[in-house]
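Residues 1 to 81 (UniProt numbering) make up the sequence shown, in order.
Heads up, the beta-carbon is just placed ideally off N, CA and C, and yes, glycines get one too.
Bear in mind the structure is a predicted one, so any value in this text is a computation, not a measurement.
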Amino acid sequence: MSIVQIQIPDSLQKSLYDLASRDGISIDQFISTAIAEKLSALMTENYLNERAKKGSRLKYEAILAKVPDVEPESYDRLPNV
1 MSIVQIQIPD SLQKSLYDLA SRDGISIDQF ISTAIAEKLS ALMTENYLNE RAKKGSRLKY
61 EAILAKVPDV EPESYDRLPN V
């Protein structure tokens with residue numbers, strides 16, 4: 001484990017304390033989870049961008065053209081459509 005010291009506004013610290021208390025976890029655990037969530041989101045975005053670069057619009061449209069143009073089953077319909 002590493003120790004990181006940061007300065008944050010008092011209002012942010014109060015919100016942090018309140019939310020961590022409400023969830024029954026320590027501030028350290030709350031911050032660690034928040035960092036992990038942010039890193040995961042950024043890494044996922046990077047991964048999807050890299051995958052998108054390898055994609056082909058022509059191949060996508062060719063596959064999509066093979067899908068039959070039929071009404072969906074009743075259980076698969078969107079509400080109010």
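Own chain residues within Cβ distance below 7 Å of residue i, not counting five before or after
| i | result |
| --- | --- |
| Gln5 | none |
Neighbourhood of residue i by C-beta, 8 Å cutoff - its chain only, sequence neighbours within 5 removed
| i | result |
| --- | --- |
| Ile8 | Leu16 |
Within 8 Å, strictly: CB atoms of residue i and residue j
| i | j | result |
| --- | --- | --- |
| residue 84 | Phe30 | Examination of residue 84 is not possible in this model, given that the chain is present from 1 through 81 alone. |
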